Amino acid sequence: MRTTITVNGEARALDLDTRTTLLDTLREHLGLPGTKKGCDHGQCGACTVLVNGVRINSCLSLAVMHDGDSVTTIEGIGTPEKLHPLQTAFLTEDAFQCGYCTPGQICSALGMLEEVKQNWPSQETADLTARITLTDDELRERMSGNICRCSAYPQIVAAIKSYAGGAA
Amino acid sequence: MTQVADWAGSNPIKENRSRLIGKAVDRYEGPLKVSGTAAYAHEVVPPSPPAYGVMVPSTIARGRILSVDLAAARAAPGVALAWSHFDVPEQAPRNVMLNFFQPLTTPAFEFDRVSYWGEQVAFVVADTLENATAAAALVKVDYEIEAPEVTFDPIGDEGEHPPGESDVQVGDFAAAFAAAPVRVDAVWRTPPQNHCTMEPCATTAWWEGDKLTVHASVQLVRKTQHGLAETLKIPPENVHLLTRYIGGGFGAKASWYEDLTLAALASREIGRPVKVAFTRQQMMHGTIHRPATRLHARLGATPDGKLTAMSLITQTHLGRVGNFVERGSNFSRPLYSAPNRLTGHRIFHLDLPVAGAMRAPGEGSGTLAFECAMDELAEKLGIDPLELRVINEPEVNPEDGRPFSSRQLTRCLREGAERFGWDKRVSVPGRVRDGRWTLGLGMATAIRGSSLLPAKASFTVDAEGVITVKQGMTDIGTGTYTVLGQIAAETMGVPLKSVRVEIGDSELPPAPGSGGQFGAATAGSACFEAGMNLRKAIVEIAVADPASPLYGGPSENVTFQDGIVAISNRSETIAELIRRNRPDGLTVEGEIKPAEDSGKWSTQTYGAHFVEVGIDTVTGEVRVRRMLGVFAAGRILNYKTARSQLTGGMIWGVGSALTEGNAFDPRYGSFINQDMAAYLVPVQADIGELDAIMLDEEDEKANPMGIKGVGELGISGAGAAVANAIYNACGVRVRDYPITPDKVLAGLMALGK
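For the record, the sequence lines run as chains A and B.
Mapping of the first sequence onto the working numbering: position 128 corresponds to residue 133, and the numbering continues sequentially without gaps.
Mapping of the second sequence onto the working numbering: position 722 corresponds to residue 830, and the numbering continues sequentially without gaps.
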């Protein structure tokens with residue numbers, strides 16, 4: 006099925022088996038393996054990408070559902086030579102070890118910070134009408150869809166805080 | 109042969125002139141990982157478009173395969189081949205691991221029998237992943253099912269001893285325990301655990317003539333290369349194995365599996381690269397797991413807290429395949445003084461998936477019992493649990509009298525207590541409240557062995573003065589790239605930016621790989637030796653070169669600093685010297701071997717964990733509010749990456765205490781939890797404030813650099829500290845891990861709370 010998806014700012018025309026997930030499309034058809042397959046069932050968050058600015062698990066979505074959408078993957082966020090400030094924060098805080106969940110963590114964090122900016126509540130939000138402050142508990146709750154088996158959790162909190170503090 | 113004493117003198121690492129050893133530098137490969145450009149095994153781009161292989165696992169635990177109908181799969185769109193036991197190409201038989209260095213063969217579909225639920229029984233290759241997945245679902249396997257024995261529930265301390273192993277007995281445990289005025293005698297149970305590496309095992313393979321290139325996700329380069337070659341019955345030099353980036357290992361990838369064998373065989377058959385990956389569900393059964401244990405701990409003491417008798421007996425299970433034993437009692441042998449001792453292991457062979465090593469095999473389960481038994485004993489004695497450890501601190505290994513190479517356990521305990529605020533602990537349980545939460549503090553000791561294995565490495569210096577480290581080593585997230593770079597830079601006296609690190613390739617000088625907390629010490633020591641040899645070679649060239657300011661020597665006065673070689677005020681850059689004398693570069697090898705007399709010392713790493721938990725008395729939910737670990741593990745190469753490994757291990761301990769556990773379905777021998785929604789590893793919200801601190805230490809008996817390992821130390825004892833904090837918070841002892849809310853609630857209700 007013919008589908009056009011804008012990936013990292015570039016329109017990509019695809020002719021896909023309708024069974025192909027967005028994740029496999031990125032990894033196997035578009036040469037963008039930065040988005041990782043950890044569980045393929047929406048349980049681990051390693052495949053998180055931004056679709057029209059919103060974070061989703063790309064393994065739970067078929068590519069043909071994204072005709073006309075704009076997808077941002079880790080490759081579209083920064084390059085080794087020119088890292089995004091959040092990527093630099095992950096590096097300096099040592100917010101990863103094996104690195105396999107890292108692209109998903111970074112995409113997820115960017116999506117999460119946008120959700121906070123738009124005042125989307127979480128389970129940790131006590132007052133639904135007040136402006137949300139990104140406390141450590143809010144951050145941990147909102148990043149709990151991204152598993153890190155190396156368990157760099159404290160370092161991930163530090164990296165996101167350091168970036169969010171700098172970006173604010 | 110090397111003696112430990114040969115390592116005693118000074119060397120560039122100990123001098124640490126550039127202060128690079130210990131420096132918290134960022135990960136060498138970090139920019140690639142945070143930008144998604146590090147290519148893991150399934151992501152490597154082969155020379156031509158790959159086909160995709162999908163494995164089909166068994167749906168019985170025990171029985172005979174009568175037939176496998178592949179017709180529908182073979183007729184499905186895009187299918188290139190389908191195999192089962194009845195038509196898979198010839199391979200070597202599965203061998204048995206007799207020692208650590210023996211490469212294991214991994215033949216696929218060797219027998220017409222099934223040995224465990226989820227064992228691979230068929231394989232389909234197609235042009236796309238979607239076609240291969242759909243075709244694999246069409247494979248029909250007809251079994252003659254036999255009733256499996258899958259229940260692990262030993263009665264008493266029964267069971268077979270592991271082959272060639274008997275209990276270690278010192279003094280007369282039975283008599284001393286019977287006579288002890290204060291005793292603890294209890295049984296703990298730990299469930300099977302799954303590694304859940306974020307990256308499922310995967311292989312990309314292709315052939316050029318009779319030469320195989322295989323990118324795999326494995327911890328041990330040379331062993332895997334040789335094991336695969338043996339399986340395929342081809343010379344090892346015809347297998348080029350690469351494993352540059354590995355998405356987590358934790359022991360799971362120190363074994364290798366059918367994906368490797370089948371990708372190689374299929375690629376040869378269809379003349380095209382083949383990629384094979386495990387699914388998350390297949391990972392649970394098709395790779396190894398930490399087996400369940402029943403741990404019987406007995407402690408006897410005098411009223412002043414002196415241990416007179418100690419015993420830990422671990423019972424565990426093995427599958428029909430493999431011979432790994434979870435030796436949950438070993439760590440307790442060098443731990444505390446007690447004149448009368450009994451430790452050992454019992455095994456049960458069942459029709460279960462293959463048991464194997466998972467982060468701190470032995471300590472990962474055994475400390476969950478023994479360090480809680482110490483807590484129970486402390487309470488009975490009315491002694492602070494930390495003081496009980498100090499009272500029983502041995503001067504030499506209490507089992508065999510060997511001296512310790514270094515041991516700072518007491519300092520870890522004291523320093524941790526002070527930083528954590530241990531003195532705030534109320535010894536009577538359940539006295540500290542925070543609204544509906546009841547709070548408690550717990551502690552436990554960490555201990556994990558340290559070893560040095562034979563390894564090689566090479567250093568190349570080029571005409572730009574750049575040093576390239578080459579070693580068939582792996583980085584599974586441990587920081588290997590980074591610390592080898594630091595060792596190279598400090599040894600050679602060059603800036604970090606002048607060092608390149610190439611690892612994860614079977615064509616490089618061999619190192620054992622990552623596992624058992626031996627990686628940094630082993631690989632790093634070989635690199636250090638290569639560096640010392642390169643220094644020697646450079647000095648020889650310099651003093652013999654009339655164009656060099658160093659001409660004529662004396663050789664012994666040459667220093668290396670900031671990329672410059674010098675004899676007092678005569679100097680030049682390494683680059684200039686090499687450009688003149690070796691314009692094509694110079695490569696030198698180095699090798700490390702364990703010292704002949706290293707067995708004279710008991711060598712361990714140590715630590716102390718401190719935990720604060722809150723327990724919701726309505727729901728039984730346990731939250732880890734604060735956690736601190738203080739560790740002594742030799743000279744630390746990089747405080748940033750070492751801390752991350754330690755905090756990661758501590759969080760594994762939290763998981764083993766609170767959420768992680770699998771169970772076998774007694775009907776089918778399958779794991780109940782078959783994915784990451786059901787098998788609960790810790791997530792961000794499970795972890796509160798948590799930190800790890802490392803004490804200054806140099807263990808000069810360990811290796812030339814005085815370093816040890818930290819990859820497994822963090823988990824040792826961490827779960828026990830959580831369990832002890834739970835008791836302190838609410839007065840409930842749960843001895844059946846994980847300590848889930850239902851068990852806590854049942855305990856609270858039994859107490860009438």
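All residues carry an ideal CB built from backbone N, CA and C; glycine is no exception.
Since this is a predicted model, take the numbers as computed values, not measurements.
Reduced DSSP category for residue i - H, G, I as helix; E, B as strand; rest coil
{"i": "residue 109 of chain B", "result": "coil"}
{"i": "residue 774 of chain B", "result": "coil"}
{"i": "residue 194 of chain A", "result": "The question about residue 194 of chain A has no answer here: the residues shown for chain A are numbered 6 through 173."}
{"i": "residue 552 of chain B", "result": "strand"}
{"i": "residue 21 of chain A", "result": "coil"}
{"i": "residue 674 of chain B", "result": "strand"}
{"i": "residue 404 of chain B", "result": "strand"}
{"i": "residue 225 of chain B", "result": "coil"}
{"i": "residue 418 of chain B", "result": "strand"}
{"i": "residue 173 of chain A", "result": "Summary for residue 173 of chain A: the model assigns pLDDT 44, below 50, so the residue's position carries little reliability; its value from the coordinates is reported in the next sentence. It is coil, neither helix nor strand."}
{"i": "residue 210 of chain B", "result": "coil"}
{"i": "residue 689 of chain B", "result": "helix"}
{"i": "residue 46 of chain A", "result": "coil"}
{"i": "residue 190 of chain B", "result": "strand"}
{"i": "residue 585 of chain B", "result": "coil"}
{"i": "residue 570 of chain B", "result": "coil"}
{"i": "residue 348 of chain B", "result": "strand"}
One or two residues paired with residue i in a DSSP bridge
{"i": "residue 798 of chain B", "result": "B/735"}
{"i": "residue 311 of chain B", "result": "B/324 and B/384"}
{"i": "residue 483 of chain B", "result": "In the DSSP output, where bridge partners are listed per residue, residue 483 of chain B has none listed."}
{"i": "residue 512 of chain B", "result": "B/710"}
{"i": "residue 694 of chain B", "result": "B/569"}
Proximal residues of chain B, C-beta to C-beta of residue i below 7 Å
{"i": "residue 115 of chain A", "result": "Here the premise fails: no neighbours, minimum Cβ distance about 13 Å."}
{"i": "residue 55 of chain A", "result": "Those do not exist, as residue 55 of chain A stays about 13 Å from chain B at its closest Cβ, beyond 7 Å."}
{"i": "residue 85 of chain A", "result": "139, 140, 143 and 145"}
{"i": "residue 106 of chain A", "result": "306"}
{"i": "residue 33 of chain A", "result": "237"}
Partner residues on chain B for residue i, Cβ-Cβ distance less than 9 Å
{"i": "residue 99 of chain A", "result": "132, 134, 135, 138, 587, 748, 749, 751 and 752"}
Contact list for residue i against chain A, beta-carbon separation under 9 Å
{"i": "residue 792 of chain B", "result": "144, 145, 146, 147, 148, 149, 150, 151, 152, 153, 158, 161 and 162"}
{"i": "residue 482 of chain B", "result": "In chain order: nothing, as chain A lies at least about 26 Å away."}
{"i": "residue 365 of chain B", "result": "Under the 9 Å cutoff, chain A gives no residues; its nearest Cβ is about 17 Å from residue 365 of chain B."}
{"i": "residue 163 of chain B", "result": "Neighbours of residue 163 of chain B on chain A: none; closest Cβ ~14 Å, over 9 Å."}
Beta-carbon neighbours of residue i, restricted to chain B and to distances below 8 Å
{"i": "residue 80 of chain A", "result": "143, 144 and 145"}
{"i": "residue 29 of chain A", "result": "237 and 238"}
{"i": "residue 88 of chain A", "result": "139, 142 and 143"}
Beta-carbon neighbours of residue i, restricted to chain A and to distances below 7 Å
{"i": "residue 789 of chain B", "result": "152 and 154"}
{"i": "residue 230 of chain B", "result": "Residues of chain A passing the Cβ test: none, with the nearest at roughly 20 Å."}
{"i": "residue 148 of chain B", "result": "105"}
key: Contact between the stretch 473-493 of chain B and the stretch 394-407 of chain B (3+ Cβ pairs under 8 Å)   = Contact between the stretch 473-493 of chain B and the stretch 394-407 of chain B is present, because at least three Cβ pairs lie under 8 Å.
Chain-ordered residues of the stretch 132-149 of chain A with a beta carbon less than 9 Å from chain B = Listed by position along the chain: 141, 142, 144, 145, 146, 147, 148 and 149.
Contact set between the stretch 130-144 of chain B and chain A, restricted to residues whose Cβ is under 9 Å from the partner = Among the residues of the stretch 130-144 of chain B, those with a Cβ less than 9 Å away from any Cβ of chain A are 132, 134, 135, 137, 138, 139, 140, 141, 142, 143 and 144, in the order of the chain.
query = At a cut of 8 Å, does the stretch 372-386 of chain B reach the stretch 264-280 of chain B through at least three beta carbon pairs?
reply = no
Within 7 Å of chain A by C-beta, residues of the stretch 370-404 of chain B in sequence order = 387 and 388
inquiry  = For the stretch 38-54 of chain A, list every residue whose C-beta sits within 8 Å of some C-beta in chain B, in sequence order.
reply    = 38, 39, 40, 41, 42, 43, 44, 45, 46, 48, 49 and 51
ask   = Can you find at least 3 beta carbon pairs, one from the stretch 608-618 of chain B and one from the stretch 342-362 of chain B, that sit closer than 8 Å?
value = Result yes; three or more Cβ-Cβ pairs closer than 8 Å.
request  = Evaluate the contact criterion for the stretch 179-193 of chain B versus the stretch 236-252 of chain B: three or more CB pairs, one atom per stretch, below 8 Å.
outcome  = yes
request  = Please determine if the stretch 407-419 of chain B and the stretch 299-308 of chain B are in contact, where contact requires at least 3 C-beta pairs separated by less than 8 Å.
outcome  = no
message = When you compare the stretch 808-823 of chain B with the stretch 733-749 of chain B, are there three or more beta-carbon pairs, one atom per stretch, that lie closer than 8 Å?
response = yes
ask   = Is the stretch 705-725 of chain B touching the stretch 819-833 of chain B, taking contact as three or more C-beta pairs under 8 Å?
value = Contact holds: three or more Cβ-Cβ distances are below 8 Å.
query = Just by C-beta distance, which residues in the stretch 751-772 of chain B are closer than 9 Å to chain A?
reply = 751, 752, 753, 755, 756, 757, 758, 759, 760, 762 and 763
ask   = If contact means a Cβ-Cβ distance below 8 Å, which residues of the stretch 8-28 of chain A contact chain B?
value = Going along the stretch 8-28 of chain A in chain order, one finds 22, 24 and 25 with a Cβ nearer than 8 Å to chain B.
message = Taking 8 Å as the cut-off, does the stretch 330-345 of chain B touch the stretch 114-133 of chain A (at least 3 CB pairs, one atom from each stretch)?
response = Contact between the stretch 114-133 of chain A and the stretch 330-345 of chain B is absent, because fewer than three Cβ pairs lie under 8 Å.
ask   = Quick check: the stretch 465-476 of chain B against the stretch 432-451 of chain B, are there 3 or more CB pairs under 8 Å?
value = yes
request  = Take every Cβ of the stretch 278-288 of chain B, pair it with every Cβ of the stretch 213-224 of chain B, and state whether three or more of those distances are shorter than 8 Å.
outcome  = no
request  = Would you check if there are 3 or more beta carbon pairs closer than 8 Å linking the stretch 104-123 of chain A to the stretch 368-378 of chain B?
outcome  = no
query = Are three or more beta carbon pairs between the stretch 703-711 of chain B and the stretch 726-734 of chain B nearer than 8 Å?
reply = Pairwise C-beta distances place the stretch 703-711 of chain B out of contact with the stretch 726-734 of chain B, as fewer than three of them are shorter than 8 Å.
ask   = Along the stretch 798-823 of chain B, what residues have a CB closer than 8 Å to any CB found in chain A?
value = Correct list: 798 and 799.
inquiry  = Using 8 Å as the cut-off, can you tell me whether the stretch 95-110 of chain A makes contact with the stretch 159-173 of chain A, which would need three or more C-beta pairs spanning the two stretches below that distance?
reply    = yes
request  = Inspect the CB distances between the stretch 649-661 of chain B and the stretch 597-611 of chain B and report whether three or more fall short of 8 Å.
outcome  = Result no; under three Cβ-Cβ pairs closer than 8 Å.
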